[in-house]
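So my numbering is basically just the index in the sequence shown, starting at one, shifted up by 930.
Each residue gets a CB set at the ideal place from its N, CA and C atoms; glycine is no exception.
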Amino acid sequence: MTSRSTTIINGQYLLLMEGEVGGGCEREKSAISYLGLHDRWKSGSLVVDIRRYAQVGMGKVVIISIWLLLRILRPPDAHSQRAMVMRNVHVFSINILTMVGKKEWKVTDIPDLSGRVAIVTGGNTGLGYITVRELARNGARVYMLSRTESRALAAIEKIKTELGSELKPEIEYINFNLLSLKSAKKAAEEYMQREQRLDILVNNAGIMATPYELGPDGIEMQACNGTGHFALTVTLIPILKDTAAMPGSHVRIVNITSGGYMLANMTKPDFTSLEGLNQKTFGTWGRYGLSKLTNILLTNELQKRFTAAGINNIYCLAVHPGAVNTELSRGLLESWPFLAPLRRVGRMMTTNPDRGALTQLYAATSPEVVEKDLKATLLFPIAQVEAKASIAKDKDGKLGGDFWRLCEELMRQKA
Ligand SMILES: NC(=O)c1ccc[n+]([C@@H]2O[C@H](COP(=O)([O-])OP(=O)(O)OC[C@H]3O[C@@H](n4cnc5c(N)ncnc54)[C@H](OP(=O)(O)O)[C@@H]3O)[C@@H](O)[C@H]2O)c1
931 MTSRSTTIIN
941 GQYLLLMEGE
951 VGGGCEREKS
961 AISYLGLHDR
971 WKSGSLVVDI
981 RRYAQVGMGK
991 VVIISIWLLL
1001 RILRPPDAHS
1011 QRAMVMRNVH
1021 VFSINILTMV
1031 GKKEWKVTDI
1041 PDLSGRVAIV
1051 TGGNTGLGYI
1061 TVRELARNGA
1071 RVYMLSRTES
1081 RALAAIEKIK
1091 TELGSELKPE
1101 IEYINFNLLS
1111 LKSAKKAAEE
1121 YMQREQRLDI
1131 LVNNAGIMAT
1141 PYELGPDGIE
1151 MQACNGTGHF
1161 ALTVTLIPIL
1171 KDTAAMPGSH
1181 VRIVNITSGG
1191 YMLANMTKPD
1201 FTSLEGLNQK
1211 TFGTWGRYGL
1221 SKLTNILLTN
1231 ELQKRFTAAG
1241 INNIYCLAVH
1251 PGAVNTELSR
1261 GLLESWPFLA
1271 PLRRVGRMMT
1281 TNPDRGALTQ
1291 LYAATSPEVV
1301 EKDLKATLLF
1311 PIAQVEAKAS
1321 IAKDKDGKLG
1331 GDFWRLCEEL
1341 MRQKA
């Protein structure tokens, strides 16, 4: 028997179709995988997440409707002649859909950003570098917030060369160290002395899988992926609010998380105290997962607070960029140096930073974020809304609230 259920997630219509899994379904399964759909086996059923279809244009929606109809009308006897014909027709319609092509957001879809001002943390390499370059290419004045001046200035020069002198890109540098709450607060204050507006804040800097070590504020280094960005963002709130009040503005706060936030499920998150945040027992990956969870919790909390304050044109989003070939594996190699020979394999299994940065560029610039009201959403590549796992939904707001209060307290003590 085929069963169907519907639910609403993040304001999007989500249709889940569950069909029995047998030999006859194999072709469907491969066609669906080919489509790049979010399919997964669930208690012996093939669960197809139709949300991705829902994001395509009307023509494709018609094809999907036919496909669904055929799916529903499939006769109970899966081995009958009629069933075989119908299965072929509906696999064929999937193939047509694939040929028509899913609409994928492209870097050329970035609108004109003249007059807008942006901050990108960790912009000197990897995903941040591409983000700075593309924002500047489209006319934004961009501040690269980085911890090492020489690396930042070299990156700015490289971007200017890549973009060419005709574009006259405006890229500035401010020193910013995620590990120090004082440094993050100071960077925000310096920015506010230099600028009157902040349209786009991309909290991108981060480390992954580093060995256990406390930073200068006594905060575990990976946890600083969350605390450092809290200090920066919260200090910038006045200018973000001022910008939101300007005519025609729509402010974006984009927090780069990771699908690895799910690793936090292996831990017992405790954000009620510094000791809880610093727990050593979670292991390298557990601590990375927790830090990336805090990037999502910050997104949720910021959005909640803006909404409560009656501000509706600040859009806070969390973005997982995918598996991207960047320098992020530095931490991994510090923890497990013997993995160094596998770097080439890693490169083969990851995408390039140009493609990896697309989802954060979409979140930072696309008018669709406003049109679809993508507030407090989690995006997966490329520019797809992804349902949050319950640990990140944080329905009762406990984890997010605890994290917020702890960071406020740490800032009172250290910044
Ligand atoms: N690459 C992936 O597959 C992937 C997957 C999921 C999520 N992400 C997330 O994407 C973000 C960007 O990572 P990436 O892949 O582009 O890595 P990357 O190439 O290593 O770049 C990380 C950036 O963060 C900066 N940074 C690190 N620690 C800092 C600190 N204490 N203070 C200030 N800046 C600091 C680095 O500066 P330095 O150059 O000075 O070290 C660098 O600019 C991270 O938040 C990461 O968690 C990446």
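Contact between the region 1277 to 1289 and the region 1157 to 1166 is absent: fewer than 3 CB-CB pairs across the two stretches fall below 8 angstroms. A1306 counts as buried, since at least 16 other C-beta atoms from the protein chains shown sit within 10 angstroms of its C-beta. In the assembly as shown, P1041 is an exposed residue. Its beta-carbon has fewer than 16 other beta-carbons within 10 Å. Taking 8 angstroms as the cut-off, the Cβ atoms of I1049 and V1181 do not count as close. Look at T1214: its beta carbon is at least 7 angstroms from all of the heavy atoms in ligand 1. Contact between N1107 and A1082 fails: their C-beta atoms lie close to 12 angstroms from each other, not under 8 angstroms. Counting along the chain, the unbroken beta strand (DSSP E) around S1076 starts and ends at R1071 to S1076.
Segment contact: the region 1326 to 1341 against the region 1188 to 1202, three or more CB-CB distances shorter than 8 angstroms; contact assigned.
Counting along the chain, R1063 sits inside the alpha helix (DSSP H) bounded by residues G1056 to R1067.
A residue is called buried once 16 or more other Cβ atoms fall within 10 Å of its Cβ, and Q1123, having fewer, is exposed. In this structure F1268 is exposed. Its beta-carbon is surrounded by fewer than 16 other beta-carbon atoms within 10 angstroms. Counting only residues of its own chain and dropping the five nearest sequence neighbours on each side, I1312 has a CB closer than 7 angstroms to the CB of E1034, W1035, L1288 and T1289. Judged by DSSP in its simplified three-state form, F1106 adopts coil rather than helix or strand.
Closest in C-alpha terms to N1185, from the list M1341, S1113, Y1245 and M1151, comes Y1245. Proximity of the beta carbon of P1251 to ligand 1 is indicated: a heavy atom of the ligand is located closer than 7 angstroms. Taken atom to atom, the span from the alpha-carbon of L1223 to that of P1099 is near 34 angstroms.
Residue burial annotation: A1161 is buried, with at least 16 other C-beta atoms found within 10 angstroms of its C-beta. DSSP places L1258 in the coil class of the three-state scheme, outside both helix and strand. Distances between the C-beta of L1258 and the heavy atoms of ligand 1 include at least one below 7 angstroms. Spanning the alpha carbons of C1154 and F1310 requires a straight line of approximately 23 angstroms.
In summary, V1300 is exposed, with fewer than 16 beta-carbon neighbours lying within 10 Å of its beta-carbon over all protein chains present. Per the coordinates, the alpha-carbon of E1125 lies some 14 angstroms from the alpha-carbon of K1116. As far as DSSP is concerned, Q1290 takes part in no beta bridge. For N1230, the uninterrupted alpha helix (DSSP H) run begins and ends at G1213 to A1238, by DSSP. Here E1079 is near Y1103, since their CB atoms are less than 8 angstroms apart. For N1133, the uninterrupted beta strand (DSSP E) run begins and ends at I1130 to N1133, by DSSP. Here P1297 has P1041 as same chain residues with Cβ atoms under 7 angstroms from its own Cβ, once five neighbours each way along the sequence are excluded. Contact between L1247 and L1304 holds, since their C-beta atoms are separated by about 6 angstroms, short of 8 angstroms.
Cβ-Cβ distances below 6 angstroms link G1189 to H1250 in the same chain, with the five nearest sequence neighbours on each side left out; the list follows chain order. Within the same chain, Cβ atoms closer than 7 angstroms to the Cβ of R1046 are found at A1070, D1129 and I1130, the five residues on either side in sequence being excluded. A Cβ-Cβ distance of about 7 angstroms is found for the pair A1066 and L1093, placing them in contact under the 8 angstroms criterion. Shown here, Q1152 sits in coil according to DSSP, grouped into three states, outside any helix or strand.
In the structure shown, R1046 falls within a coil segment according to DSSP collapsed to helix, strand and coil. The C-beta distance from P1141 to S1265 rounds to 5 angstroms, short enough to fall under 8 angstroms. Judged by DSSP secondary structure, L1247 falls within the beta strand (DSSP E) whose first and last residues are I1244 to V1249.
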